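Student:
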Amino acid sequence: MVYRLDRTDGQAPAIREAVRPAHRAYMDRFSARVRLGGPVLDAHGQGCGGLMVIEAENEDEVRAMVQDDPFEQAGLSAHIDIRPFRWQTKRPADLPPL
34 MVYRLDRTDG QAPAIREAVR PAHRAYMDRF SARVRLGGPV LDAHGQGCGG
84 LMVIEAENED EVRAMVQDDP FEQAGLSAHI DIRPFRWQTK RPADLPPL
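Structural data, given as structure tokens:
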């Protein structure tokens, strides 16, 4: 699981808007491996980060994928947390059993 928070210096909205097409094109390459993903919203409904659940062999694979993301190349994030995730509730049928 990747949890990302945007920088808080006021530049994030402009960076996100400018780089979003490249970010989406980049993420399309991983559509089979990203099990879910989307923006994290603040109290006003504005994007302030992102969350993804990625199927991968190890954390290094996920870290490389995240570091090459155009959002990261543009310096959008203030914080990125990569953690293992065990999908239990409403687990997709195509995942191996626990």
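Note that the sequence shown covers residues 34 to 131 in our numbering.
Glycine included, each C-beta is placed from N, C-alpha and C at the ideal position.
Predicted model only: the values in this text are computed from it and were never measured.
(1) By alpha-carbon positions, which one of D101, L131, W120 ends up nearest to A58?
(2) For a test of the three-state rule: what should DSSP assign to M60, helix, strand or coil?
(3) Residue ranges of each beta strand (DSSP E) run of no fewer than 3 residues wholly in the region 36–84, ordered along the chain?
(4) Can you name, in chain order, every residue of its own chain whose Cβ lies under 6 Å from the Cβ of I87, other than the five neighbours on each side?
(5) Rounded to the nearest angstrom, what separates A111 and G80 at their Cα positions?
(6) What residues in its chain sit with their C-beta under 6 Å from that of A55, if we drop five residues either side in the sequence?
(7) I'd like to check one pair, V99 with L84: are the Cβ atoms closer than 7 Å?
(8) Just to confirm, is the Cβ distance from R37 to G108 under 7 Å?
Tutor: So, from the listed chains and residues:
(1) Residue mapping note: residue 58 aligns to position 25 of the sequence shown, counting from 1. Measuring from the Cα of A58, the nearest candidate turns out to be D101.
(2) For the purposes of this step, residue 60 is taken as the residue at position 27 of the sequence shown. In the structure shown, M60 sits in a helix (DSSP, three-state: H, G or I).
(3) Counting only runs of 3 or more, we get 67–74.
(4) Within the sequence shown, the letter at position 54 stands for residue 87. The residues are R66, V67, V95.
(5) To locate residue 111, count along the sequence shown from 1; it is residue 78. To locate residue 80, count along the sequence shown from 1; it is residue 47. Roughly 14 Å separates the two Cα atoms.
(6) Residue mapping note: residue 55 aligns to position 22 of the sequence shown, counting from 1. The answer, listed in chain order, is P103.
(7) Within the sequence shown, residue 84 is the residue found at index 51, counting from 1. Within the sequence shown, residue 99 is the residue found at index 66, counting from 1. Result no, Cβ atoms of L84 and V99 do not sit closer than 7 Å.
(8) Walking along the sequence shown from the start, residue 37 turns up at place 4. Walking along the sequence shown from the start, residue 108 turns up at place 75. No, Cβ-Cβ distance for R37 and G108 is not below 7 Å.
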